[in-house]
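> To start, I am sharing the structure in question, which I have written as structure tokens.
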Amino acid sequence: MIEVSLKIYFSFRNRLDNKGKNTLEVPDPATVGEVLDEFTEKFPDFEDEIFEEPGEIKRFIQIRVNQKNITGIDGLNTELNEGDEIQILPKLGGG
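Residue 2 is where the sequence shown starts when you use the numbering used here, and the numbers rise one by one after that.
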């Protein structure tokens, strides 16, 4: 087992007891997708906040591991290591 943290930066975090940061113990190896699946079992509303449909992240949501966007790594299949932090935040845009 490894311990990873999940930090949420948008309005959903206000519905969590600990204001958006959760520590989870997950099997080793684990992927971002597996951690999100486990988290949505505890907080079912969370799934609708970030997924269009299972396995498809909403276009205005960005997921990072240790500050690196997972789309540049291996998406939801990005493997995690002990102590990694997953950040879920809205994409920012401007013009």
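Ideal placement from N, C-alpha and C gives every residue a C-beta, glycine not left out.
#1: Which of helix, strand or coil does DSSP assign to N23?
#2: With a 10 Å radius around its C-beta and 16 neighbouring C-beta atoms as the bar for buried, classify R65 as buried or exposed.
#3: With K97 as the anchor, note down where its alpha helix (DSSP H) starts and where it stops.
#4: Please report the distance separating the alpha-carbon of G84 from that of E4.
#5: Would Q68 be called buried (16 or more neighbouring beta carbons within 10 Å of its own) or exposed?
#6: Among I58, K92, K22 and S6, whose alpha-carbon lies nearest the alpha-carbon of L77?
#7: Under the DSSP definition of a beta bridge, which residues are partnered with N70?
So, from the listed chains and residues:
#1: In the sequence shown, counting from the first residue as 1, residue 23 sits at position 22. When secondary structure is reduced to three states using DSSP, N23 falls in the strand class.
#2: Start at 1 with the first residue of the sequence shown, and residue 65 comes out as number 64. Result: buried.
#3: Outside the shown range of the chain (2 to 96) lies residue 97, about which nothing can therefore be said.
#4: Your numbering for residue 84 matches position 83 in the sequence shown. Your numbering for residue 4 matches position 3 in the sequence shown. Straight-line Cα distance between these residues: approximately 6 Å.
#5: What you label residue 68 is simply residue 67 of the sequence shown in a count that begins at 1. Of the residues assessed, Q68 falls on the exposed side of the cut-off, its CB having fewer than 16 other CB atoms within 10 angstroms.
#6: Here residue 77 is taken as the residue at index 76 of the sequence shown, counted from 1. Checking every option, the nearest Cα to that of L77 belongs to I58.
#7: Here residue 70 is taken as the residue at index 69 of the sequence shown, counted from 1. For N70, which the question treats as bridged, DSSP gives the partners R65.
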